[in-house]
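Residues 578 to 698 (the numbering used here) are what the sequence shown spells out, left to right. Following: one structure in structure tokens, then a few remarks.
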Amino acid sequence: MLVNLVNHEIRIPRFVSVLMDRKIEKLKRILYSFQPDTLQLHIDISNVKRKDLYQIRISLDLPGANLTVRAEHDDFAGGMGDVFQKLFRKIEEYKAGLRHESEFRKEINSIDPNVLEPASI
Numbered sequence: 578m579l580v581n582l583v584n585h586e587i588r589i590p591r592f593v594s595v596l597m598d599r600k601i602e603k604l605k606r607i608l609y610s611f612q613p614d615t616l617q618l619h620i621d622i623s624n625v626k627r628k629d630l631y632q633i634r635i636s637l638d639l640p641g642a643n644l645t646v647r648a649e650h651d652d653f654a655g656g657m658g659d660v661f662q663k664l665f666r667k668i669e670e671y672k673a674g675l676r677h678e679s680e681f682r683k684e685i686n687s688i689d690p691n692v693l694e695p696a697s698i
């Protein structure tokens, strides 16, 4: 997986860097079924001066999709955790779509329980 980090003149504290590395490792475990050379992760960190907030934007390029999430937070570590949680949720939705889970659920819900009869012995 290619990781591209862009920070706009912001010093990233060591503990946030460690947190980010852990989240990227978790992301690699979640995306184990994809070929690593087809994945690109872009992390863009900027500071909103007027509101004293950190704006974090993550874009993940997958085969057939581009997932983008962003978060604004006053705490750098909290914002990083928040944006990665949003990304993990989007990945799960994307993988569920690839497995056609919604169609499977529709088929199960469309079965009429009155039609099913217990098997006679």
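Heads up, the beta-carbon is just placed ideally off N, CA and C, and yes, glycines get one too. Remember, predicted model here, so these are calculated numbers, not experimental data.
Beta-bridge pairing of residue i - partner residues as DSSP gives them
i	result
Ser-636	His-619, Thr-645
Val-625	Leu-630
His-650	Tyr-631
Cα-Cα separation, residue i to residue j
i	j	result
Asn-624	Ile-589	12 Å
Val-580	Ser-679	31 Å
Leu-616	Met-578	5 Å
Ile-633	Asp-614	24 Å
Phe-611	Ala-673	14 Å
Gly-658	Leu-675	26 Å
Tyr-671	His-650	26 Å
Leu-630	Ala-648	10 Å
Phe-665	Leu-644	10 Å
Ile-668	His-677	14 Å
Residue i (DSSP reduced to helix, strand or coil)
i	result
Tyr-671	helix
Leu-579	strand
Counted within 10 angstroms of its Cβ, other Cβ atoms place residue i as buried (16 or more) or exposed
i	result
Ile-622	buried
Gly-641	exposed
Phe-653	buried
Phe-592	exposed
Tyr-609	exposed
Gly-655	exposed
Lys-600	buried
Val-646	buried
Leu-582	exposed
Ile-587	exposed
Any non-hydrogen atom of the ligand GTP closer than 7 Å to residue i Cβ
i	result
Val-595	For the ligand GTP, the structure offers nothing, since it holds no ligand at all.
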